[in-house]
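A.B. asks: In the numbering used here, the protein residues as written are 1059 to 1513. All C-beta atoms in this analysis are idealised placements derived from N, C-alpha and C, irrespective of residue type, glycine included. As the structure is a computational prediction, the values presented were derived from the model and not from experiment. Below you will find the structure I want to go over with you.
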Amino acid sequence: MKRFLLVFTLIPYALLGKTGPDFDDYFINKTMRIDYYFTGIKNECRISLDRVIEEPHWTGSMNNLIDTLNFGNHLVEVYDNESNTLIFSKGFSSLFQEWQTTDEAAQGLYRTFSASVLIPYPKKPIKLIHFSRNKKNEFVSEFETIIDPASRFVKRDKPQFDYKLKACLKNGSPNKKVDILILPEGYTKREMRKFRKDVKHFTDVLFAAPPFNEYKDRFNVWYLEVPSEESGIDDPRKGVFVKSAFELTYNSFDSDRYILAFDNKRIRDIAAGAPYDQLYFLVNSPKYGGGGIYNLFSICYSHSDKEETSWWPDYVFVHEFGHAFGGLGDEYYTSDVAYNEFYPLDTEPWEPNITPNATKNTLKWKQFVEPETPIPTPWEKELFDKIPYKNNNDRRELLQNQKYWGKVGAFEGSGYSSKGLYRPFLDCRMFSKSLVDFCPVCRDAIIRVIKFHTE
Ligand SMILES: [Zn+2]
1059 MKRFLLVFTL
1069 IPYALLGKTG
1079 PDFDDYFINK
1089 TMRIDYYFTG
1099 IKNECRISLD
1109 RVIEEPHWTG
1119 SMNNLIDTLN
1129 FGNHLVEVYD
1139 NESNTLIFSK
1149 GFSSLFQEWQ
1159 TTDEAAQGLY
1169 RTFSASVLIP
1179 YPKKPIKLIH
1189 FSRNKKNEFV
1199 SEFETIIDPA
1209 SRFVKRDKPQ
1219 FDYKLKACLK
1229 NGSPNKKVDI
1239 LILPEGYTKR
1249 EMRKFRKDVK
1259 HFTDVLFAAP
1269 PFNEYKDRFN
1279 VWYLEVPSEE
1289 SGIDDPRKGV
1299 FVKSAFELTY
1309 NSFDSDRYIL
1319 AFDNKRIRDI
1329 AAGAPYDQLY
1339 FLVNSPKYGG
1349 GGIYNLFSIC
1359 YSHSDKEETS
1369 WWPDYVFVHE
1379 FGHAFGGLGD
1389 EYYTSDVAYN
1399 EFYPLDTEPW
1409 EPNITPNATK
1419 NTLKWKQFVE
1429 PETPIPTPWE
1439 KELFDKIPYK
1449 NNNDRRELLQ
1459 NQKYWGKVGA
1469 FEGSGYSSKG
1479 LYRPFLDCRM
1489 FSKSLVDFCP
1499 VCRDAIIRVI
1509 KFHTE
């Protein structure tokens, strides 16, 4: 397969207060969904087209059509085929790319994952180019195709499912708001009352957390009542397999508490009946777990059956949304792992809150650092690492007693790695399992995403 590096063309749309061309020049108010397959092993990927589908409404921004955030492991660019004008782009991450970091992929077992790209429905033929990041984090073209929106090969069936759409928070037109669609997983028909209660609860939790509290009026929260035949979800390590609506499962990529959704086409077919920029699955289960992938979906378990851990789902709900919406990386690490392969130490990751570069003048978030704060920023890491993970309060007390508590710096220990990777703040919702707020750098990233969708 021919690979070439993307050459960025700078288009001064920013001067016009928007990114991209006029929506009406190139698009109509519908969605084109492009389904395709990722197939490969570690360091090898092949993309094949599955099908193109017309869906009812475009719910993304009509103003910001070119993605300026630079988040995600993949990027899709859409060109008007006749004039070769870039008319739409979007960054996202995928299950495939995450799977590529597993042992299975390293051992050379080929696997296939379905994925979808949603773009506004073009008026004229387009060229679609799919990029993935290489080891140096540069976007490399992996797939290219021409799509004629008038073609008889575009599927135009009415949405297959007809679940009633309900709103938990409604602030305006989906084109001008961030639309979160919450889907129930493992709730039977009889448990729908619990689902409605859970939707309300987690909506309140999200919009109590800064910066979401200040920007609540820029969001809509929708939900579809999709019943599962049986209650709960698959828990393979316990031999539990359940007939649930979306077939979500614990033990994803063989990690017990990791819940993911693999049946992409079924999910997209059901979600087509609702406006969404973000999908959020609530999993009807008391077992700790969740997952969040940038611009793909968030997943969170619904409740704990123990009083002392009743706040854990609230922590998970906001943390996972930090991944899926804000493009944030995990700032935590385990003290016994000295190195890892997830974030190579010689490459700046795209996640805004993790860096291997603790140099004052070039630090990724240097604009947040006060002049007197040393970089890297000292903290009693060895002492912290000696406190068992379960002694949450002792760990927190130690953090709060540090000289640079409350300051943005570069604190070693981040992105699953004890050494060589740095986080911006001593504590953050992406660092500790607690109800602590997002740090200033994470908050800034989230605000940038909110503004991109709504301005
Ligand atoms: Zn943070």
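Within this structure, are the beta carbons of V1279 and L1227 separated by less than 8 Å?
C.D. replies: Result yes, Cβ atoms of V1279 and L1227 sit closer than 8 Å.
A.B. asks: Which of the three DSSP states, helix, strand or coil, is assigned to P1178?
C.D. replies: Strand at P1178.
A.B. asks: In three-state DSSP terms, what is Q1165?
C.D. replies: Residue state, collapsed to three classes: coil.
A.B. asks: Out of curiosity, what's the CA-to-CA distance linking W1423 and A1416?
C.D. replies: C-alpha separation (whole angstroms): 10 Å.
A.B. asks: Write down the C-beta distance between K1171 and H1188 rounded to the nearest angstrom, noting that I regard them as a contact closer than 8 Å.
C.D. replies: Correcting the residue type first, residue 1171 is Phe in the shown sequence and not Lys. Their Cβ separation, rounded to whole angstroms, is 14 Å, which puts F1171 and H1188 out of contact at 8 Å.
A.B. asks: Say the cut is 7 Å; is the CB of V1263 nearer than that to a heavy atom of ligand 1?
C.D. replies: It does not: the Cβ of V1263 is nowhere closer than 7 Å to a heavy atom of ligand 1.
A.B. asks: Going by other Cβ atoms of all chains shown within 10 Å of its Cβ, with 16 needed for buried, is E1140 buried or exposed?
C.D. replies: E1140 comes out exposed.
A.B. asks: If we call anything under 8 Å between Cβ atoms a contact, is I1317 one with I1351?
C.D. replies: Against a cut-off of 8 Å, the Cβ pair of I1351 and I1317 comes out as no contact.
A.B. asks: Pairs of beta-carbons, one from the region 1214-1228 and one from the region 1265-1285, closer than 8 Å: are there three or more?
C.D. replies: With a cut-off of 8 Å, the region 1265-1285 and the region 1214-1228 count as touching, because enough Cβ pairs lie within range.
A.B. asks: Measuring only from the beta carbon, is P1183 closer than 7 Å to any heavy atom that is part of ligand 1?
C.D. replies: Outside the cutoff, so no.
A.B. asks: Indicate whether G1467 and V1427 have their beta-carbon atoms separated by less than 8 Å.
C.D. replies: Yes, these two residues count as a Cβ contact at 8 Å.
A.B. asks: Hey, quick one: how far does the alpha helix (DSSP H) through G1380 stretch, first residue to last?
C.D. replies: Start and end: 1370-1382.
A.B. asks: Could you tell me which residues DSSP pairs with I1145 in its beta bridges?
C.D. replies: Its beta-bridge partners do not exist; DSSP assigns none.
A.B. asks: Taking 7 Å as the cut-off, is the CB of E1389 close to at least one heavy atom of ligand 1?
C.D. replies: The answer is yes for E1389.
A.B. asks: Sorted by chain position, which residues of the same chain lie with C-beta nearer than 6 Å to I1504's C-beta, five sequence neighbours on each side aside?
C.D. replies: Cβ neighbours of I1504 beyond the five flanking positions: P1269, G1384.
A.B. asks: Relative to ligand 1, is the shortest distance from any of its heavy atoms to the C-beta of P1482 smaller than 7 Å?
C.D. replies: It does: the Cβ of P1482 is within 7 Å (strictly closer) of some heavy atom of ligand 1.
A.B. asks: Are the beta-carbon atoms belonging to G1130 and F1154 less than 8 Å from one another?
C.D. replies: It is not a contact, given that the beta carbons lie outside the stated cut-off.
A.B. asks: Anyone know if the C-beta pair for S1286 and E1243 falls short of 8 Å?
C.D. replies: Their beta carbons are under 8 Å apart, which means S1286 touches E1243 by this criterion.
A.B. asks: Is any heavy atom in ligand 1 found nearer than 7 Å to the beta carbon of N1411?
C.D. replies: Yes, the Cβ of N1411 comes within 7 Å of a heavy atom of ligand 1.
A.B. asks: What would DSSP say about D1321, mapped onto helix, strand or coil?
C.D. replies: Of the three classes helix, strand and coil, the one that applies to D1321 here is coil, per DSSP.
A.B. asks: Hey, how far is the Cα of F1489 from the Cα of K1193?
C.D. replies: F1489 and K1193: Cα-Cα distance of roughly 25 Å.
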